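J.:
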Amino acid sequence: YKQCKICGNNGDISNDWYATVKYEGATTSCLGLDYMLRIRQVGQSTDDCKSIQATYENQCCYVTPDDQCQICEADGVLYDVIGTKTVTYERSSMTATCAVISDFFAKMESTDQE
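The numbering used here numbers the first residue of the sequence shown as 2 and each following residue consecutively.
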């Protein structure tokens with residue numbers, strides 16, 4: 002069986018795993034939705050999968066930038082993100098894990114000034 006992928010099989014599209022969605026009355030992340038699809042063994046070519054993709058692609062998927070912003074890149078070296086570490090992003094006083102912040106910036110081009 003091939004699991005239903007929320008964002009399909011297009012290599013230019015990435016998953017926004019930490020985006021929040023409502024599914025069957027419950028609030029979950031796109032990662033949680035993906036997990037539920039796996040547990041329920043929703044197949045890639047099923048009507049259920051097509052319906053889920055149509056409903057959630059705008060919330061859970063984004064076009065991967067050609068030159069993604071990487072928060073742990075310095076002098077051309079890409080370091081691992083310590084995903085569980087909690088930090089405060091000084092521009093917005095947002096506290097989040099490094100995984101969430103890395104995911105947020107990965108949606109931007111490395112040349113964006115934000």
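Glycine included, each C-beta is placed from N, C-alpha and C at the ideal position.
Predicted model, so just to flag it, every value in this text is computed and none were measured.
Following the continuous alpha helix (DSSP H) through T47, name the residue where it begins and the one where it ends.
T.: From DSSP, T47 is part of no alpha helix (DSSP H); its letter is neither H nor E.
J.: What are the boundary residues of the beta strand (DSSP E) that includes S30?
T.: Segment 27–30, the beta strand (DSSP E) holding S30.
J.: If we call anything under 8 Å between Cβ atoms a contact, is Y90 one with A97?
T.: Yes, they are a contact pair.
J.: By the 10 Å Cβ neighbour count, where 16 or more other Cβ atoms means buried, how is L38 classified, buried or exposed?
T.: Buried: at least 16 other Cβ atoms inside 10 Å.
J.: So what does DSSP say about Q69, is it helix, strand or coil?
T.: Looking at Q69 - three-state DSSP - the assignment turns out to be strand.
J.: Short check: CB of D17 to CB of Y63, under 8 Å?
T.: Closer than 8 Å, so yes.
J.: Opposite Q4 in the DSSP bridges: which residues?
T.: The partner list for Q4 (beta bridge, DSSP) reads G44.
J.: Whose C-beta lies closer than 7 Å to the C-beta of Q54 among residues of the same chain, with five residues either side of it excluded?
T.: Result list for Q54: I7, G9, in chain order.
J.: Which residue's Cα is closest to the Cα of C31: C5, S46, D48?
T.: Cα-wise, what sits closest to C31 is C5.
J.: Exposed or buried, L79, counting other C-beta atoms within 10 Å across all chains shown (16 or more means buried)?
T.: Exposed is the call here.
J.: Just to confirm my understanding: we take Q69, look at its own chain, exclude 5 residues before and 5 after, and list those with CB closer than 7 Å. What are they?
T.: Result list for Q69: A107, S111, in chain order.
J.: Flag this pair as yes or no: are the beta carbons of A20 and C73 separated by less than 8 Å?
T.: The answer is no: Cβ separation not under 8 Å.
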